[in-house]
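A short worksheet on the structure shown next.
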Amino acid sequence: MTETGVIHGRFQVLHLKHMEYLLAAKMRCRTLYVGITHPDISAYPATSSLDEHGTTKTDNPLIYLERYEMIRDALLDFGVKREEFEIIPFPISSPDVLLQYTPAEAVYYMSICSPWDEEKYQILQSLDLNVEVLWRRTGEEKGITGTELRGMIARGEDWQQYMPKTAAEYLERNSIDQRIRQLYYTYGGK
Numbered sequence: 001m002t003e004t005g006v007i008h009g010r011f012q013v014l015h016l017k018h019m020e021y022l023l024a025a026k027m028r029c030r031t032l033y034v035g036i037t038h039p040d041i042s043a044y045p046a047t048s049s050l051d052e053h054g055t056t057k058t059d060n061p062l063i064y065l066e067r068y069e070m071i072r073d074a075l076l077d078f079g080v081k082r083e084e085f086e087i088i089p090f091p092i093s094s095p096d097v098l099l100q101y102t103p104a105e106a107v108y109y110m111s112i113c114s115p116w117d118e119e120k121y122q123i124l125q126s127l128d129l130n131v132e133v134l135w136r137r138t139g140e141e142k143g144i145t146g147t148e149l150r151g152m153i154a155r156g157e158d159w160q161q162y163m164p165k166t167a168a169e170y171l172e173r174n175s176i177d178q179r180i181r182q183l184y185y186t187y188g189g190k
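full-length UniProt numbering numbers the first residue of the sequence shown as 1 and each following residue consecutively.
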């Protein structure tokens with residue numbers, strides 16, 4: 001077992017496929033750092049044409065703190081001890097500052113499901129980080145995505161089943177589901 005691992009994602013919004021990814025990485029390390037990409041889309045917007053979801057409010061309806069709390073609560077609910085994980089900003093779109101936020105000696109776990117994931121893999125490799133690919137999946141094999149889930153929320157479809165219970169409750173308790181609907185209909189949904 002590795003001492004320290006790092007994973008990253010936007011988590012807009014946290015769903016059960018994210019949990020599969022989080023828990024697969026946690027099984028491989030004592031302490032897991034969960035990196036939240038695009039912690040602030042004004043300060044760290046997408047810089048790659050392959051990063052299709054890193055610039056708009058519609059694609060990024062949750063602020064950093066909301067994603068932090070949702071991930072924390074879900075990991076605890078899934079039985080991960082609080083002392084075994086940290087949640088950090090992960091500005092992948094600004095590789096020159098990434099190591100100011102993340103432990104360089106860690107193993108960086110990731111899944112590759114798109115050309116943007118391939119580019120992120122290359123970015124991490126260029127920083128001389130130890131990167132381990134958990135799996136490679138096609139779009140069809142990937143399962144539910146945040147884009148699909150936000151669309152379901154906006155259209156009032158049955159979406160809770162695709163999320164950890166604590167995350168679905170968090171969205172509703174904080175009216176984030178309403179925010180997603182508003183953004184979806186204001187800016188045009190997918």
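The beta carbon of each residue, even a glycine, is placed where N, CA and C say it ideally should be.
Q) If we count the other Cβ atoms within 10 Å of its Cβ and call it buried at 16 or more, is V133 buried or exposed? A) Position 133 of the sequence shown holds residue 133. Around the beta-carbon of V133, fewer than 16 other beta-carbon atoms lie within 10 Å, marking it exposed.
**Q.** Anticipated Cβ contact below 8 Å, G139 with K17, distance rounded
**A.** Counting from one through the sequence shown, the residue named residue 139 turns up at place 139. Counting from one through the sequence shown, the residue named residue 17 turns up at place 17. Not really, about 12 Å apart at Cβ, beyond 8 Å.
Q. From what residue to what residue does the beta strand (DSSP E) around Y108 run?
A. By one-based count along the sequence shown, residue 108 stands at place 108. Annotation: the continuous beta strand (DSSP E) that includes Y108 extends over 107 to 112.
**Q.** Collapsed DSSP secondary structure at V80 in the structure displayed
**A.** Against the sequence shown, residue 80 aligns to sequence position 80. Per DSSP, reduced to three states, the secondary structure at V80 is coil, with no helix or strand assignment.
Q.
For L22 and V13, what's the separation of their Cα atoms in angstroms?
A. As a working note, residue 22 is residue 22 in the sequence shown. As a working note, residue 13 is residue 13 in the sequence shown. One Cα belongs to L22, the other to V13, and the distance between them is close to 14 Å.
Q: Verify the contact flag: L183, CB atom, against every heavy atom of the ligand NAP, threshold strictly below 7 Å.
A: Questions concerning the ligand NAP fall outside what the structure shown contains, since it holds no ligand whatsoever.
Q) Near Y187, what residues of its chain come up, given a Cβ to Cβ distance below 6 Å and the 5 sequence neighbours on each side ignored? A) Residue mapping note: residue 187 aligns to position 187 of the sequence shown, counting from 1. Hits under 6 Å: T58.
Q | Run of the beta strand (DSSP E) containing Y33, from where it starts to where it stops | A | Taking the sequence shown and counting its residues from 1, one reaches residue 33 at position 33. Here the beta strand (DSSP E) through Y33 covers 29 to 36.
(Q) Under 8 Å, with one C-beta from each stretch per pair, do the stretch 112 to 124 and the stretch 58 to 75 reach the 3-pair mark? (A) Judged by pairs of C-beta atoms under 8 Å, the stretch 112 to 124 does not touch the stretch 58 to 75, as fewer than three such pairs exist.
Q) From what residue to what residue does the alpha helix (DSSP H) around P95 run? A) Taking the sequence shown and counting its residues from 1, the one referred to as residue 95 is at position 95. Per DSSP, P95 belongs to the alpha helix (DSSP H) from 95 to 98.
Q | C29 versus F85, I112, L183, residue with shortest Cα-Cα distance | A | Taking the first residue of the sequence shown as position 1, residue 29 is located at position 29. Closest by alpha carbon: F85.
(Q) Within a Cβ cutoff of 6 Å, which residues of the same chain sit near P103, ignoring the five residues on either side of it in sequence? (A) Mapped onto the sequence shown, residue 103 falls at position 103. In the same chain as P103, and ignoring 5 residues on each side of it, the C-beta atoms closer than 6 Å to its own belong to T4, in chain order.
**Q.** From Y109, E105, L32, residue whose alpha carbon lies closest to that of D128
**A.** Translated into the one-based positions of the sequence shown, residue 128 becomes position 128. Ranking Y109, E105, L32 by Cα distance to D128 puts E105 first.
Q: Within the same chain, show all residues whose beta-carbon is closer than 8 Å to that of Y64, passing over the 5 residues directly before and after it, in chain order.
A: For the purposes of this step, residue 64 is identified with residue 64 of the sequence shown, where counting begins at 1. Only I36, P39, D40, P89 meet the Cβ criterion.
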